[in-house]
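Undergrad:
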Amino acid sequence: MLQLEGIVKRYGDHTALDGVTMEVPPGKVFGLLGPNGAGKTTLIRIITRITGPDAGRVLMDGHPMGPDDVARMGYLPEERGLYKKMKVGEQAVYLARLKGIPKDEAVKRIKEWFVRWEMEAWWNKKVEELSKGMAQKVQFITTVLHGPRLIILDEPFSGFDPINAELIRTEILRLRNEGVTVMLSTHSMASVEEMCDNIGLIDKARLMLHGNVKEIRRQYATDTYRIEYSGSRVALANALSFTGELLDTQGNDDHGTARVRMGKGSTLNDVLRQLIPAVSIHGVQEEIPRMHDIFIRVVSEKRPETVTEGMTE
Amino acid sequence: MKKILLIIKREFITRVRKPSFLIMTILGPLLIAGGGMLAIYLGMQDSTDHHVLVIDRNQVIASKLNNTDKIDFFVDHAAWSDSVFQESPYTVMVRFTDEITDPTAEIYYKDLPNMTVQRTITNELEKAMELAKLQQEGVDEQAYRRVRKQLITRWMDIDNTGVESLEQERAGIGFFFGYFMFIFIFLYGVQVMRGVMEEKQSRIVEVLISSVKPFQLMMGKIVGIALVGFTQFILWIVITTLLVSVGSAVLMKDRLDPKELAEMPMTPQVQKQIGAELASVATDGEPKLLKAFRMIDLPMTLGAFILYFIGGYLLYSSLLAAVGAAVDSEAETQQFMLPVTIPMVLALIIAQIAVYNPTSPAVMWCSFIPFTSPVVMMVRVAMGNAPLWQLALSILLLVGMFIFTTWVAGRIYRTGILMYGKKVTWKEMGKWLFYKG
Chain A
1 MLQLEGIVKR
11 YGDHTALDGV
21 TMEVPPGKVF
31 GLLGPNGAGK
41 TTLIRIITRI
51 TGPDAGRVLM
61 DGHPMGPDDV
71 ARMGYLPEER
81 GLYKKMKVGE
91 QAVYLARLKG
101 IPKDEAVKRI
111 KEWFVRWEME
121 AWWNKKVEEL
131 SKGMAQKVQF
141 ITTVLHGPRL
151 IILDEPFSGF
161 DPINAELIRT
171 EILRLRNEGV
181 TVMLSTHSMA
191 SVEEMCDNIG
201 LIDKARLMLH
211 GNVKEIRRQY
221 ATDTYRIEYS
231 GSRVALANAL
241 SFTGELLDTQ
251 GNDDHGTARV
261 RMGKGSTLND
271 VLRQLIPAVS
281 IHGVQEEIPR
291 MHDIFIRVVS
301 EKRPETVTEG
311 MTE
Chain B
1 MKKILLIIKR
11 EFITRVRKPS
21 FLIMTILGPL
31 LIAGGGMLAI
41 YLGMQDSTDH
51 HVLVIDRNQV
61 IASKLNNTDK
71 IDFFVDHAAW
81 SDSVFQESPY
91 TVMVRFTDEI
101 TDPTAEIYYK
111 DLPNMTVQRT
121 ITNELEKAME
131 LAKLQQEGVD
141 EQAYRRVRKQ
151 LITRWMDIDN
161 TGVESLEQER
171 AGIGFFFGYF
181 MFIFIFLYGV
191 QVMRGVMEEK
201 QSRIVEVLIS
211 SVKPFQLMMG
221 KIVGIALVGF
231 TQFILWIVIT
241 TLLVSVGSAV
251 LMKDRLDPKE
261 LAEMPMTPQV
271 QKQIGAELAS
281 VATDGEPKLL
291 KAFRMIDLPM
301 TLGAFILYFI
311 GGYLLYSSLL
321 AAVGAAVDSE
331 AETQQFMLPV
341 TIPMVLALII
351 AQIAVYNPTS
361 PAVMWCSFIP
371 FTSPVVMMVR
381 VAMGNAPLWQ
391 LALSILLLVG
401 MFIFTTWVAG
411 RIYRTGILMY
421 GKKVTWKEMG
431 KWLFYKG
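For the protein sequence lines, the chains are A and B, in the order given. Residues 1 to 313 (the numbering used here) make up the first sequence, in order. Residues 1 to 437 (the numbering used here) make up the second sequence, in order.
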């Protein structure tokens, strides 16, 4: 769907993006991750053609992206904003018409959304009378109203209460199921695990991690298992001494959960073979790292004491 | 193109629907017409009667001072002390210090009389002094009157013989046009700036920029606001005309027919009341200003007015749009507003010079420089001393300049509207011009 090739963007002496190459597959939810100031918003602005890259190309379905592609894109910026003095309905219609939807069609579609989200009563209210979350819902509608093939959401959940965040989450998944490609940036790693099929992690202007979420998590797995057992803890520890390393245990002396890292060259089977005679096993589960931990590991590993100048974020 | 129309429409409708637009539309003419009517009303209001006591100790005031409706003169040869005057019914007391050689009079008052009364008193005293001096010098009054004839001058342009040129009056009219134009440009240019800032501060601009080009957004705003201005302007003219005609009909009833007043050759008395400059009478008795107005090449002047108006507005409002895009808050606008307002003020000053000294080099230059040419050239056009080629060149330069400034503004705008939390410097803005789009 969307391919970025060697994107470079500089603002004076500051390099916001340094050779970012990645791919957003079609019909999937793609998570753009990174700490504040990493260059996420700049990348999004390049994709939406708000600003141009100093080097590199943005390809859409194999061809360089043009204005027509942008018209079929929906973009929800991180900094939300609407005309405060304008009425909600009128404003939504205006924004839809700027996207090229005829007036009647725009009104019809917006009304549908308003009915679905039970906000018909807002139509004639001014934006300044709405709460922040309400205004954000209006803005979400205006982002997806023109039926875009690619939706880019910069921090879609920030500022929402859990109920509304869930509402947005459901909408995003529904859109994905309809074949729409969604690219979202977020700091909520739980949402990433839950929703994203693929991710790209940017730090200090570079792409650090890129690919399928499940594969990445597997890649970062540390060969650690949680073993639920009953029996003597000492017996467990002794049995492990050659094949694995006991990281910690929970529970009381004769029943608990042990976190065990496999020793060099040992497999789970080897470990279990040693353990079975010593204790009785109730359950075994591999510990797959959370995105949260991977994020922190990637970002802090390659990041010595830095203070990034927040140019655009 | 369709999008720019949508933007223009939004800018126009949201502004016209605002209560402040309605209030200004009604209040403006009320202030203009009301102010004018008030001035006329106050001018017609009978001021208090004045009893003027003239202390003439040397008995030099020979002739009787002429009383008017509201002013009575009384002459006394004895000195009056201040306290006695205070107690007396007189409102004004004149004390000569030296009547003949170096005539000086001190005039004491209880309440300061208005300008007209002051002038009348002074005139009467002067006339009386004149007669006294004539008698003293033994000059026959009739002979003196014959000698003292005022020289009437008529300045004629050799290229346009047979007609009195009235250049200064025409220039004054041109200046009025230009002055009005600049006030308008400034008021609505600032609106453009505010509008841009609003979009930037509310952060809606990023959404808009993903649907329309920054340049479209900027031009849509500029044009939309101009249309608001024109609408208001037209409404003002209509309402003011209405108010003035109704108001004068009510005010002037029983006193003077407004038509008569307009057509009436003005007597010196009326002249003084209205203001000598404005109503100074040409040789044939018609008010000079009216005559000058008729002498102006109206189609040419109006044509130039419209062209300069549009050009000047585009020039200045695009710069102000750039200012609005560059800053984060109202307070920061100051430093960038100054370079925009200084040329405007300068233009008005040069235009004023042009009224009296149309051929000065500064005036010539400034009638070509696009930042000042709208006002300065207006004066020259109204005066009729701008050759067509100069006018064409000046307008061409203005067009070139506004294309350039809208380009510059567009570039600053494009980068500025997405730039937050950074104090913008001139150097920084210079760099923006060359960022890759």
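For glycine and all other residues, C-beta sits at the position ideal for the given N, C-alpha and C. Only a predicted model underlies this, so the values are computations on that prediction, with no experimental measurement involved.
(1) With contact counted as at least three CB pairs below 8 Å, one residue from each stretch, are the region 197-210 of chain A and the region 242-260 of chain A in contact?
(2) To the nearest angstrom, how far is it from the Cα of A/P67 to the Cα of B/M219?
(3) For A/A106, which residues of its own chain have a beta-carbon under 8 Å away from its beta-carbon, when the five flanking residues on both sides are left out?
(4) Alpha carbons only, please: which of B/G247, B/G178, B/V192 is nearest the one belonging to B/I349?
(5) Mind checking if A/T48 is an interface residue toward chain B, Cβ cutoff 7 Å exclusive?
(6) My assumption, with CB atoms under 8 Å, is that A/I216 sits in contact with A/I294. Please give the rounded CB distance.
(7) Taking 6 Å as the cut-off, is the C-beta of B/I225 nearer than that to any heavy atom in the ligand COA?
(8) Could you work out which residue in A/V20, A/M86, A/I47 is closest to A/M1 when comparing CA atoms only?
(9) Bridge partners of B/S55, per DSSP?
(10) Measuring CA to CA, which of A/W113, A/K99, A/A278, A/V271 is closest to A/T243?
(11) Kindly identify the DSSP beta-bridge partner or partners of A/L59.
(12) Does the Cβ of A/G37 have 16 or more other Cβ atoms within 10 Å, making it buried, or fewer, making it exposed?
(13) Got a sec: which bits of the region 184-205 of chain B sit with their beta carbon under 7 Å from any beta carbon on chain A, in order along the chain?
(14) Excluding five sequence neighbours on each side, which residues of the same chain lie with their C-beta closer than 8 Å to the C-beta of A/I281?
(15) Helix, strand or coil: which one does DSSP assign to B/M429?
(16) Quick check: what's the CA-CA separation for A/R176 versus A/T224?
(17) Would you check if the distance between the CB atom of B/D102 and the CB atom of B/K70 is smaller than 7 Å?
(18) Counting only Cβ pairs nearer than 8 Å, list the residues of chain B close to A/E79.
(19) Quick one: using the 10 Å Cβ neighbour count with 16 as the cut-off for buried, is B/R15 buried or exposed?
(20) Taking Cβ-Cβ distances shorter than 7 Å, what residues in chain B pair up with A/V107?
(21) Quick one: what's got a C-beta closer than 7 Å to A/K132's C-beta in the same chain, skipping five residues either side?
(22) Inspect the beta-carbon positions of A/L4 and A/V58 and report whether they are closer than 7 Å.
(23) Can you tell me which of A/P156, A/A239, A/K214, A/N198 puts its alpha carbon nearest to the alpha carbon of A/H187?
(24) Look at B/V327 and B/A347 and say whether their C-beta atoms are less than 7 Å apart.
(25) Which stretch, first to last residue, makes up the alpha helix (DSSP H) that contains B/G400?
(26) Pull up the CB-CB distance for A/F140 and A/L82, whole angstroms please, since I reckon it's below 8 Å.
(27) Name, going along the chain, the residues of the region 407-433 of chain B whose beta-carbon falls closer than 9 Å to a beta-carbon of chain A.
(28) Could you have a look at B/Q191 and say whether DSSP puts it in helix, strand or coil?
(29) Measuring CA to CA, which of B/S329, B/L396, B/A382, B/M295 is closest to B/G311?
(30) Which same chain residues, not among the five before or five after B/T301, have their C-beta less than 6 Å away from its C-beta?
(31) Only counting runs of 4 or more residues, tell me where the alpha helix (DSSP H) segments fall wholly within the region 167-254 of chain A, in order along the chain.
(32) Quick check on the DSSP output: the beta strand (DSSP E) that includes A/L153 runs from which residue to which?
(33) What does B/S211 touch in chain A if you count any residue whose Cβ is under 7 Å from its own?
(34) CA-CA distance, B/I32 and B/T25?
(35) Is the region 355-370 of chain B in contact with the region 225-232 of chain B, if contact means three or more CB pairs nearer than 8 Å?
(36) What span of residues does the alpha helix (DSSP H) with B/D82 cover, start to end?
TA: Working from what's here:
(1) Below 8 Å, too few C-beta pairs join the region 197-210 of chain A and the region 242-260 of chain A to call them touching: fewer than three.
(2) As a first step, residue 67 of chain A must be located in the first sequence, where it is residue number 67. As a first step, residue 219 of chain B must be located in the second sequence, where it is residue number 219. If I take the Cα positions, the gap works out to 19 Å.
(3) Residue numbering aside, residue 106 of chain A sits at position 106 when the first sequence is read from its first letter. Excluding positions up to five away in sequence, the list reads A92, V93, A96, R97, L145.
(4) Here the question's residue 349 of chain B lines up with position 349 in the second sequence. Answer by Cα proximity: B/G178.
(5) Taking the first sequence and counting its residues from 1, the one referred to as residue 48 of chain A is at position 48. With respect to chain B, the C-beta atom of A/T48 has a partner C-beta closer than 7 Å.
(6) Translated into the one-based positions of the first sequence, residue 216 of chain A becomes position 216. Translated into the one-based positions of the first sequence, residue 294 of chain A becomes position 294. That belief holds up - the Cβ atoms of A/I216 and A/I294 are roughly 7 Å apart, short of 8 Å.
(7) Questions concerning the ligand COA fall outside what the structure shown contains, since it holds no ligand whatsoever.
(8) The residue labelled residue 1 of chain A in the question sits at position 1 within the first sequence. The candidate whose alpha carbon is nearest that of A/M1 is A/I47.
(9) Here residue 55 of chain B is taken as the residue at index 55 of the second sequence, counted from 1. Checking the displayed sequence, the identity of residue 55 of chain B turns out to be Ile instead of Ser. Looking at the DSSP output, B/I55 bridges to B/D76, B/R95.
(10) Translated into positions along the first sequence, residue 243 of chain A becomes position 243. Relative to the Cα of A/T243, the nearest Cα in the group A/W113, A/K99, A/A278, A/V271 belongs to A/V271.
(11) To locate residue 59 of chain A, count along the first sequence from 1; it is residue 59. Paired residues: A/Q3, A/P64.
(12) The residue given as residue 37 of chain A occupies position 37 in the first sequence. Looking at its Cβ environment, which holds 16 or more other Cβ atoms inside 10 Å, A/G37 is buried.
(13) Correct list: S202, R203, I204.
(14) Residue numbering aside, residue 281 of chain A sits at position 281 when the first sequence is read from its first letter. Contacts found: I227, E228, Y229, L272, L275.
(15) Taking the second sequence and counting its residues from 1, the one referred to as residue 429 of chain B is at position 429. B/M429: helix per DSSP, three-state reduction.
(16) Position 176 of the first sequence, counted from the start, is the residue given in the question as residue 176 of chain A. Position 224 of the first sequence, counted from the start, is the residue given in the question as residue 224 of chain A. Using only the alpha carbons, I get a separation of about 34 Å.
(17) Counting from 1 along the second sequence, the entry for residue 102 of chain B is found at position 102. Counting from 1 along the second sequence, the entry for residue 70 of chain B is found at position 70. Going by C-beta atoms, B/D102 is not nearer than 7 Å to B/K70.
(18) Mapped onto the first sequence, residue 79 of chain A falls at position 79. Scanning chain B for C-beta atoms nearer than 8 Å to the C-beta of A/E79 yields R203, E206, Y420, reported in chain order.
(19) Within the second sequence, the letter at position 15 stands for residue 15 of chain B. Around the C-beta of B/R15, 16 or more other C-beta atoms lie within 10 Å, and the residue is accordingly described as buried.
(20) Sequence index remark: in the first sequence, residue 107 of chain A carries index 107 (1-based). Chain B residues near A/V107: none, gap ~15 Å exceeds 7 Å.
(21) As a first step, residue 132 of chain A is located in the first sequence; it is residue number 132 there, counting from the start. Taking C-beta separations shorter than 7 Å and ignoring five residues to either side along the sequence, the partners of A/K132 in its chain run G159, following chain order.
(22) Here the question's residue 4 of chain A lines up with position 4 in the first sequence. Here the question's residue 58 of chain A lines up with position 58 in the first sequence. Taking 7 Å as the cut-off, the Cβ atoms of A/L4 and A/V58 count as close.
(23) Here residue 187 of chain A corresponds to residue number 187 of the first sequence, with the count starting at 1. Per the Cα distances, A/P156.
(24) Your numbering for residue 327 of chain B matches position 327 in the second sequence. Your numbering for residue 347 of chain B matches position 347 in the second sequence. Contact flag unset, no.
(25) Counted from its first residue, the second sequence places residue 400 of chain B at position 400. 388-416 is the extent of the alpha helix (DSSP H) around B/G400.
(26) Taking the first residue of the first sequence as position 1, residue 140 of chain A is located at position 140. Taking the first residue of the first sequence as position 1, residue 82 of chain A is located at position 82. A/F140 to A/L82, Cβ: 12 Å. No contact.
(27) Those residues of the region 407-433 of chain B that come within reach of chain A (Cβ to Cβ, closer than 9 Å) are R414, T415, L418, M419, Y420, G421, K422, E428, K431.
(28) For the purposes of this step, residue 191 of chain B is taken as the residue at position 191 of the second sequence. If DSSP states are grouped into helix, strand and coil, B/Q191 belongs with the helices.
(29) Translated into the one-based positions of the second sequence, residue 311 of chain B becomes position 311. Taking B/G311 as reference, the option from B/S329, B/L396, B/A382, B/M295 with the minimal CA-CA separation is B/L396.
(30) Locating residue 301 of chain B in the second sequence gives position 301, counting from the first residue. Hits under 6 Å: V381, A382.
(31) Taking only runs of at least 4 residues, the alpha helix (DSSP H) segments lying wholly in the region 167-254 of chain A are 189-195, 213-219, 233-240.
(32) Here the question's residue 153 of chain A lines up with position 153 in the first sequence. Judged by DSSP secondary structure, A/L153 falls within the beta strand (DSSP E) whose first and last residues are 150-154.
(33) For this step, residue 211 of chain B is matched to residue 211 along the second sequence. Near B/S211 (Cβ distances below 7 Å), the residues of chain A are L98, K99.
(34) Looking up residue 32 of chain B in the second sequence gives position 32. Looking up residue 25 of chain B in the second sequence gives position 25. Roughly 11 Å separates the two Cα atoms.
(35) Using a C-beta cut-off of 8 Å, the region 355-370 of chain B makes no contact with the region 225-232 of chain B, since fewer than three inter-stretch Cβ pairs fall below that distance.
(36) Counting from 1 along the second sequence, the entry for residue 82 of chain B is found at position 82. Unbroken alpha helix (DSSP H) run through B/D82: 82-87.
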